[in-house]
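Quick note on the numbering used here: the sequence shown kicks off at 180 and runs consecutively.
Comments concern the structure below.
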Amino acid sequence: MAGRKKQSLLNGALVLVVATAFVEIVGVLYKIPLTELIGTIGRGYTGTAFNLYIPIHNIALAGLPVAISKLVAQSVAEGKFNNVKKIYKIALRMFFVAGTIGSLLVLALAYPYAKSMDAMASLPSIIMIAPAVFVCCVMATYRGYYSGLRNQTPTALSQMCEVVGKLVFGLGLAFIVQSYGMTCFHNGKPVFGVECAGVQDAVMALTPYASAASIFGVTMGAVCSLLFLVLRHKIVGDKITKEELDASPLADTGKNIAKMMLTIAVPVVVSTLVMNITNLIDSWSIQARLQYAVNSGRPVIESMFSEAMALAPEMDNVQLKSYLYGAYEIALDFRNLVPTITTTLGMSAIPVLAEAWTLKNKLMIRSSIESVMRVAMLISLPAGIGMAILSKDLLNIMYGVSDSVTISATVMALYGCFTFIMAAAQPLINMLQAIGRADVPMKAVGFAAVAKVVVNFILVGIPQMNILGAIIGTFCFYIITVSYNLNALIKETGVKLSYKSVFFKPLICALMCGTGAWAVSGICRRFMPAFEFGSRISSSTVSAVIGIIAAVVIYVLALLFTKSIVREDVKMLPKGEKICKVLEKYDLIG
180 MAGRKKQSLL NGALVLVVAT AFVEIVGVLY KIPLTELIGT IGRGYTGTAF
230 NLYIPIHNIA LAGLPVAISK LVAQSVAEGK FNNVKKIYKI ALRMFFVAGT
280 IGSLLVLALA YPYAKSMDAM ASLPSIIMIA PAVFVCCVMA TYRGYYSGLR
330 NQTPTALSQM CEVVGKLVFG LGLAFIVQSY GMTCFHNGKP VFGVECAGVQ
380 DAVMALTPYA SAASIFGVTM GAVCSLLFLV LRHKIVGDKI TKEELDASPL
430 ADTGKNIAKM MLTIAVPVVV STLVMNITNL IDSWSIQARL QYAVNSGRPV
480 IESMFSEAMA LAPEMDNVQL KSYLYGAYEI ALDFRNLVPT ITTTLGMSAI
530 PVLAEAWTLK NKLMIRSSIE SVMRVAMLIS LPAGIGMAIL SKDLLNIMYG
580 VSDSVTISAT VMALYGCFTF IMAAAQPLIN MLQAIGRADV PMKAVGFAAV
630 AKVVVNFILV GIPQMNILGA IIGTFCFYII TVSYNLNALI KETGVKLSYK
680 SVFFKPLICA LMCGTGAWAV SGICRRFMPA FEFGSRISSS TVSAVIGIIA
730 AVVIYVLALL FTKSIVREDV KMLPKGEKIC KVLEKYDLIG
């Protein structure tokens, strides 16, 4: 036992948050040059490929990592260490099968999917990402296993390996393909089989293949991550001692373990299946209805986004649809940032809450649920308000001034307004899964999915709404799922949340933070001499950075003086006891 230490809920989450922050920073380093290499239209192609890959990837992975983590945590709590070893072996076999089927399914659906959306240029990207489903499935076995042992470090390190691999291979291969295509054009040769009259034609011809090369980086990043986990498992192992194995009862049969895993996994799989099939239909319908909106009301859309249209290259209706969808995809880079971070809370909560539920420790159950929800709000509320206020400046900093930034900024600002709802969604699902109620999210997703598809289908087809209609559909989806799941979690556990601590105090601090960002950036913008160096550094973007720094300081001070930081949360952090004593000395902790 001495060699294996269990991480607390927030300690484990902190490890994952650090890894996630690293992943997102490297992701920015990846997306900025990637967007410059393949352009907004190229991002539309990769977005289309992801819209097929992600549902199949999520379905293939659904349930089993949760089942592994939950069963391992339960077995450790009961001292059944032989069971722990057996769970790992059975899970690896099951994931091998799921991954193989998933990759083959992506390849089988690639052509009909691309054809149905009039997006054949995205076909190479879909093919290049297909093997990643298999690799990610095998990788998830290791991540779920270590999560159940309440050791999130291997997962965190593997995530870092994955994103670095994606950066190196994705950008490198995209650059090679683009260079090859332009060399062919300048030498008077066809560009990937297309005769090109000018540079713009050459760019249009090579973009589908440069996009495919960039997306192959996702597959190679997953390979790098898997190699790390395999080597670490062989060298370091899981730290379960021989004494623990000798003292534990014999393992259950493989058949019983597989049955227990499926009992937990099936509701999650069904929920994920419904959600991702909905997303797949939704993605198809958004693009189809967006095409309808462009065909029926192009002048309205051009007038609505006149600033972007004045700077954009000439496009036919199909390219304009891809352009609008690509601008939407760019905004999603920020929309998904905060939920990605708060998802780590849910991942860390599964083994902790499963153990507390197994041991019927009511105090630990309440503490875990409140901590997850409170920290999710502390992160998401200020971040969402900041995204809404500084959307255009943040996009200019990340991607530089571009023709599509005004469209992306509008999308990002609207998503920022309800980031806190999206941030709560996955942690709630994970906590219900941890207490054995994976059926609840399945029902919630079913109701919400229907609402989302209907709303998107109606609104996106209206030229005056076009791509902005998808934001309203997403809002409907999350408000239904979060409300339903939160109500079910409270009823099932009997925990009465302190809404003052969980929501209202973080909201007040976040509003002070947002007001500070708006005021400081506005003052700087007004009094700072106008300047511009390149497409990213200007008086406007520098003012935004100063505003963000001021907002962080204001937020920290607001948290301290309103005593929004809670003693129980701090104690779960590394050196938590010492931090508590310092804060208590100055009466700055709740």
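By construction, the Cβ of each residue, glycine as well, lies at the ideal position given by its N, Cα and C atoms.
| Query | Result |
| --- | --- |
| So Pro518 is in the alpha helix (DSSP H); what residue range does that whole segment cover? | Leu516 to Thr537 |
| If you draw a straight line from the C-alpha of Ser546 to the C-alpha of Tyr734, how long is it? | 24 Å |
| Can you check which of these residues, Val749, Thr720 and Pro234, is closest to Ile460 by C-alpha distance? | Pro234 |
| Give the DSSP bridge partners of Ile716, in chain order. | Phe712 |
| Given a cut-off of 9 Å on the beta-carbon distance, is the pair Ile586 and Ile650 in contact? | no |
| Assuming the contact rule is C-beta atoms closer than 8 Å, Ile725 and Ser700 should be a hit. Round their C-beta distance to whole Å, please. | 7 Å |
| So, at 6 Å on beta carbons, what are the nonlocal neighbours of Met644 in its own chain, with the 5 sequence-adjacent residues on each side left out? | Leu638 |
| Check for me: the alpha helix (DSSP H) holding Lys679 runs from which residue to which? | Looking at the DSSP string, Lys679 is not in any alpha helix (DSSP H), and its letter there is neither H nor E. |
| May I ask you to report which of helix, strand or coil DSSP gives Val415? | coil |
| Given this structure, state the Cα-to-Cα distance separating Lys539 from Thr672, to the nearest angstrom. | 10 Å |
| Closer than 8 Å is the cut-off here; do at least three beta carbon pairs connect the stretch 602–621 with the stretch 506–520? | yes |
| Within 10 angstroms of the Cβ of Ile394, are there 16 or more other Cβ atoms? Answer buried if so, exposed if not. | buried |
| Rounded C-beta distance between Asn609 and Ala487? I'm assuming under 8 Å. | Their Cβ separation, rounded to whole angstroms, is 39 Å, which puts Asn609 and Ala487 out of contact at 8 Å. |
| Write down the C-beta distance between Lys631 and Phe656 rounded to the nearest angstrom, noting that I regard them as a contact closer than 8 Å. | 4 Å |
| Please say whether Ile211 and Tyr578 have beta carbons closer to each other than 9 Å? | yes |
| I'd like the span of the alpha helix (DSSP H) that includes Val590, first residue to last. | Val584 to Gly595 |
| Would you kindly work out how many angstroms separate the C-alpha atoms of Ala472 and Ile480, rounded to a whole number? | 8 Å |
| So what's Val373 in DSSP terms, helix, strand or just coil? | strand |
| Is it the case that the stretch 552–565 contacts the stretch 685–700, given that we only count it when at least three CB pairs across the two stretches are under 8 Å? | yes |
| Return yes when the Cβ of Gly349 is within less than 9 Å of the Cβ of Leu250, no when it is not. | no |
| Find out if the Cβ-Cβ distance for the pair Ala178, Leu216 is shorter than 9 Å. | With the chain covering 180 to 769 only, the question about residue 178 has no answer from this structure. |
| What residues in its chain sit with their C-beta under 8 Å from that of Glu257, if we drop five residues either side in the sequence? | Thr537 |
| Does the stretch 329–346 touch the stretch 264–278, meaning 3 or more C-beta pairs lie closer than 8 Å? | no |
| Taking contact to mean at least 3 C-beta pairs separated by less than 8 Å, is the stretch 274–294 in contact with the stretch 314–329? | yes |
| Could you round the C-beta distance between Gly360 and Ala381 to whole angstroms and report it? I think they count as a contact, below 8 Å. | 7 Å |
| Note the first and the last residue of the continuous alpha helix (DSSP H) segment covering Thr694. | Lys684 to Phe706 |
| Which whole-angstrom value is the C-beta distance of Ala698 and Ile568, which I expect to be below 8 Å? | With a Cβ gap of about 10 Å, Ala698 and Ile568 do not count as contacting. |
| On a Cα-Cα basis, can you pick out the residue from Asn237, Ser248 and Tyr232 that is closest to Tyr290? | Tyr232 |
| Measuring straight from C-alpha to C-alpha, what distance separates Thr523 and Leu195? | 6 Å |
| Taking Arg329 as part of the alpha helix (DSSP H), name the residues at either end of that continuous run. | Here Arg329 belongs to no alpha helix (DSSP H), and DSSP marks it neither H nor E. |
| Determine, using beta carbons only, whether Asp572 and Ser462 come nearer to each other than 9 Å. | no |
| Buried or exposed: Asn666, going by 16 or more other Cβ atoms within 10 Å of its Cβ? | exposed |
| Using alpha carbons as the reference points, say which of Ile456, Met439 and Leu593 lies closest to Tyr648. | With the sequence shown as reference, residue 648 is identified as Gly, and Tyr is not the correct amino acid for it. Answer by Cα proximity: Leu593. |
| Is Asp618 helix, strand or coil by DSSP? | helix |
| Does the stretch 420–438 come close enough to the stretch 621–631 that 3 or more CB-CB pairs lie under 8 Å? | no |
| Any idea what DSSP makes of Leu573, helix, strand or coil? | helix |
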